[in-house]
Amino acid sequence: MTAQTPPFRDSQLPFAKRIDDLLSRLTLDERVAMLHQFGPAVERLGIAAFRTGQEALHGVAWMGPATVFPQAVGLGATWNGELVRRVGEAVATETRTMRSRDDRVGLNVWAPTVNLLRHPLWGRNEEGYSEDPKLTSAIATAYTRGLRGDHPAYWRTAPVLKHWLAHNNETDRATGSSSVRPRVLHEYDLRAFRETVEAGAVAGVMPAYNLVNGRPNHVSPYLDEHLRAWTDQELLVCSDAGAPSNLVDSEHYFDTHEEATAASLLAGVDSFTDHGTDSSKIVERVRGALDRGLVTEADIDAAVRRQLAVRFRLGEFDPRLDPYADCKDFDTPAHRALALEAAEQAVVLLKNDGLLPLTDPATRVAVVGLLADECKLDWYSGTLIHRSTPLEGLYERFGADRVDFAEGVDRVRLRTSAGTYLSVPRADDATDEVRGAEGALDPALLAGRTDLPPLTTDDAGTELALIDWGDGVLTFRAPDGRYLSVADDGFVRASADQPGGWFVQETFRLEPHESHENGHLLRHVATGRYVSVTADGVKVADGNPEILELEFSERGEAAVARAAAAADVVLVVAGNDPHINGRETEDRTTLALPAHQSRLLAAAKAANPRTALIVTSSYPYAIDPTDLPAVLWTAHGGQAAGTALARVLAGDVSPAGRLPQTWYASDADLPDLLDYDVIGSRQTYLYFEGSPLFPFGHGLSYASFAYGDFSARAGEESVQVTFTVTNTGDTEADEVAQLYGRPVSASVPRPRRALLAHRRVRLAAGASTELSFELPLGAFEFWDVAHGAWRLEPGGHELLVGASSEDIRLRGTVELAGVPALPRPVLEHGLAAVDFDEQRGAEIVDRTKRSGDAVAPANDEAAELLHRACDFGPETRSVTVEVSGEGTVELSLDDGPVIAHLDIAPTTGPYAYTSVSTPFQASGVRDLRIGLRGPLRLAHVGFSG
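Position one of the sequence shown corresponds to residue 6 (this note's numbering), numbered consecutively onward.
Put into structure tokens, the structure is as follows:
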């Protein structure tokens, strides 16, 4: 190091010392500016600009062409951590390569999403891996390891986990609060994050928009109490987009943005994603918080230090030492092969009565349905370099002469009140900018263009393909493949390759006209305005809606029936468009397959009983498989989806995907979307007591497998489990062996069975393998609310081995010493209201804006809490409640009458707690019931003798 070289440039020094030196050289203004997502360059020190955030959920997203892998839920369905690690490695390598070409591509990647798929109606179901925390953390850990790389000092990319915490609804997502009781918090929601963070491959997390227990995630004490307590590594916390402003503007949690920014910074947020690339607002708010004494320079330094730690790991200051600096692998044959392998491994065979695989070379196949010739992308996809639809994959594998196709769209003309028809003008005058390499019109280049002519009317009109995606949401497509779309000027044009974008402009609703028997108004979903006909063309406007009649030239089911009747086997490809009826900002309303697709399936089955259903979707559906000889599911499989599906159907690959979440039989099986108490409302396979349509972990194979030689032995620190798996079929195939556990006699509600471990193995026909798992005793613990700690319950713990959570082949029991249950020492510590065993009508709220929980009646009405096994000692004489608001608190023992009644006079606000006491007679160990009425918050109950 020369005298002119500052220590932060000295690669021989530890990162910590170099960060200290660099911090000391930055001015306060420079440090404050770094708190925004787009941190400016510091030219005087030769430091480049830096941005946090690059979407990379299943490939590099939003930055142009890249390899597109299956959706995250599809990667979860592989149950294959080694595969997912390789996918992460490929995504990180392409990120590095794209960065070398375009410095707008960031190396701080916001992936993966580890929110649990608790409720299948969540609009963002496609982004998560599983409803199970163990499987989720296993897949997330694998992906982050691939994203990070294996160099001890430098990282390929810096992965940030999304979205902290208990985030599983889009309805009121920025203002709603998830009420999460302590057991659910520790055993379920935190666990998915914890095991991945502890694995050491994570750069940080992104808080979610929602509140948890009444407090926004962006000011959650859990960031320090839990997240940063799990590791010695500096973790970067990046806000979600616009969330810092939400704290004031929509959540009204703070009165000023200076208070909100200070609270976020103190809670642990290090990078503020707000107001796009304009950092001035955040800088102004931080400076305001400093001037008011709400934060100190030391608080700012702590956040900047964590940002710099990431930048050093990414090799920014050591370009010659960075082992990933020269990444050039992009769209390589290896990446294409990996995309195909991942798509193949994600296919789940749900039912098969012998129809599959299609090995007879004379078999004539009809592939039908709205997804049959589609390769759908989602909001977090990259731009396809290659694409493969099911139809294309089948043509390639079976030959075009053996495959017939019927999409099943309804073909319609829209007749105006004047007797003319809506007409799509020819696009012959489109510029070369919207034509492909051979001069043909390229719909992908037309999206959002306003230089194309809008729809008009004439006597003939244009026959449009009409698709009903469910809930009355429609798309219309011109004969050349362009979707009707609405641009900023309000005119309707055939200008979109696919429905998409943050505000989807390609969806409409038909609404019956009250005074016209066959007339409809056509409403544009995104703007809420109706289609009208003007002298300048067809547009959406506030006034003069056009009355339209639909004239059908063909119903979709007629075309499907013709194709099905002429085939030996029918493949109905159904599912969703990831931009419609279930996506970010929009939850689904039902598990049911849309009516249009149900009609097509019914028509195919009626014409040909040898009909298989292929569901290509981001989430589960409630379907009736009774009369179907075969059913498959795959998430949208990225660029190789069609090829992968065809290879599985042909038997080139034996399917071995497994369901990462329960498929329920009907909407009646589901809890309320906003009910986060998986224990109390018996959610997910862990607690669900009904009969699922298809259980968690389910998936069939073209081979068969036998399990045997089970052995389980408990040691002082772990349980060792071994068993063998044998391929008893006549084809090579993968099996996913699953190991579950449950206590034999639980003192509190515990999962019916919980995944402890799994392994995906490939076996040749007739081959066997021995699988061994070492399970730490912590895997058998639960969160004991009576003592606020993890506890291993003594006694028998059953171990269940099988091919799914319901297909158990082997079982055994181990005796574990554990710690016996002890009564709650209420005389010594009192009771935290939130540490209840059971509740009715209650919700958890924030005790203060900074920390702590309290319990309130939901909707300010009535609630009851049950705290079991409270030890009142020889004699308890009085009770004191710490409470805010107003109402009443009543206490009773066991199932007896009320023995203490406390009237709570109004306090000055929800956080203005008061202590109210009254006589209370109790002794020994008793169950305590607490009744709450009115708009109050109960934080703590204390007792004295």
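Ideal placement from N, C-alpha and C gives every residue a C-beta, glycine not left out.
Buried versus exposed call for residue i [16 or more other C-beta atoms within 10 Å across all chains shown]
i	result
E522	exposed
Q17	exposed
K22	exposed
V946	buried
N218	buried
E379	buried
A442	Residue placement at A442 is flagged as unreliable, the pLDDT there being 40, under the threshold of 50; the coordinate-derived value follows with that caveat. So A442 counts as exposed.
F496	buried
K356	buried
H834	exposed
H703	buried
G398	buried
H906	exposed
G51	exposed
For residue i, three-class secondary structure by DSSP
i	result
P756	coil
E721	coil
T885	strand
P830	coil
K167	strand
V253	helix
I52	strand
I585	coil
K356	strand
G713	strand
M211	strand
S276	strand
D229	helix
A405	helix
F13	helix
L190	helix
S949	strand
R604	helix
I390	coil
Pair within 8 Å by beta-carbon distance, residue i and residue j
i	j	result
V952	A572	An answer regarding residue 952 cannot be provided, because it is not within the stretch 6 to 950 covered by the chain.
L119	T141	The amino acid at residue 119 is misidentified as Leu; the sequence shows Val. It is a contact, given that the beta carbons lie within the stated cut-off.
W788	E192	yes
L805	P125	no
A351	T146	no
V491	Q510	yes
A347	L664	no
D739	R767	yes
R764	L776	yes
T455	D494	yes
S653	E349	The residue asked about is misnamed: residue 653 is Val in this sequence, not Ser. Going by C-beta atoms, V653 is nearer than 8 Å to E349.
Among the options, the one whose alpha carbon lies nearest that of residue i
i	options	result
A617	A531, P665, A501 and V373	V373
R325	L782, L170 and R14	R14
D541	R845, R498, F317 and I684	R498
L121	P517, G151, H168 and N85	H168
L360	V636, V860 and T102	V636
T394	F513, G642 and E562	G642
P430	A483, R109 and R816	A483
L954	K333, V242, A158 and V839	Shown here, the chain extends from 6 to 950; a query on residue 954 therefore has no answer.
P2	R873, S897 and A568	Residue 2 is absent from the structure shown; the chain starts at 6 and stops at 950.
A53	Q59, F277 and G44	G44
L376	L633, S623 and Q725	S623
C332	M103, V291, E412 and G209	M103
H601	S920, G477 and V749	G477
Distance cut-off 7 Å: residue i Cβ against heavy atoms of the ligand FMN
i	result
V119	No copy of the ligand FMN occurs in the structure displayed, which carries no ligand at all.
- Task: Would you check if the segment 407 to 418 and the segment 92 to 99 touch, i.e. whether three or more CB-CB distances between them fall below 8 Å?
- Result: no
- Query: Are there three or more Cβ pairs, one per stretch, closer than 8 Å when the segment 36 to 49 is compared with the segment 301 to 312?
  - Reply: With a cut-off of 8 Å, the segment 301 to 312 and the segment 36 to 49 count as touching, because enough Cβ pairs lie within range.
- Determine, using beta-carbon pairs with one atom in the segment 603 to 617 and one in the segment 684 to 691, whether at least three such pairs fall under 8 Å. no
- At a cut of 8 Å, does the segment 179 to 187 reach the segment 665 to 683 through at least three beta carbon pairs? yes
- Cβ pair count under 8 Å reaching 3, the segment 920 to 931 against the segment 876 to 889: yes
- Message: Taking contact to mean 3 or more Cβ pairs, one atom from each stretch, closer than 8 Å, check whether the segment 168 to 179 and the segment 582 to 592 are in contact.
- Response: yes
- Message: Would you call the segment 221 to 233 in contact with the segment 272 to 292, where contact means no fewer than 3 C-beta pairs closer than 8 Å?
- Response: yes
- Item | Meets three-Cβ-pair contact criterion under 8 Å: the segment 853 to 873 and the segment 796 to 815 | no
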